[in-house]
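Count along the sequence shown starting at 1, add 920, and that's the number in our numbering. Ideal Cβ positions, reconstructed from N, Cα and C, are used throughout, including at glycine. Below you'll find the structure, written out as structure tokens, and then a few comments.
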Amino acid sequence: LESPTRSLSMDAPRGINIKAQAGNIEALSQMDIKLHSSDGVLLLDAETVRLPKLPEGARGGSSISQGLYEICVCPDGKLYLSAAGIGSTCQEYSRVCQ
């Protein structure tokens, strides 16, 4: 599917399935790529999910993170990493969220 000058839309009453039996599926965009589910979940079913450019929030009180992180969510939906601790280390007002 290609639309070199305008937008492209796919609509279906019972769903859309994109499948590659062998090889990869790539989604490239100069701007945003948005995935939205109005009545369900967004499922990333893979052995590995990588988010290499997530910013890291300020370190909490514990200096021992053992290289483990948790993914935190800002009120506006932005994601960031926080060094893992015994409890959650996500801070609602992290510098990343501001």
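Counting C-beta pairs closer than 8 Å gives fewer than three between the segment 925–940 and the segment 961–970, which falls short of the contact rule. Here the alpha carbon of Leu974 sits roughly 18 Å from the alpha carbon of Leu948.
Inclusion of Ala1004 and Leu988 in the CB contact set at 8 Å is warranted, their separation being smaller than that value. Taking a contact as a CB-CB distance under 8 Å, the pair Leu955 and Leu999 does not count as one, their CB atoms being some 13 Å apart. Of the candidates Glu990, Thr1009 and Gly977, Gly977 places its Cα closest to the Cα of Arg1015.
A direct Cα-to-Cα measurement between Pro924 and Asn944 gives close to 22 Å. For Ala966, the secondary structure class from DSSP, reduced to helix, strand or coil, is coil. Taking C-alpha positions only, Thr1009 is separated from Thr968 by approximately 23 Å.
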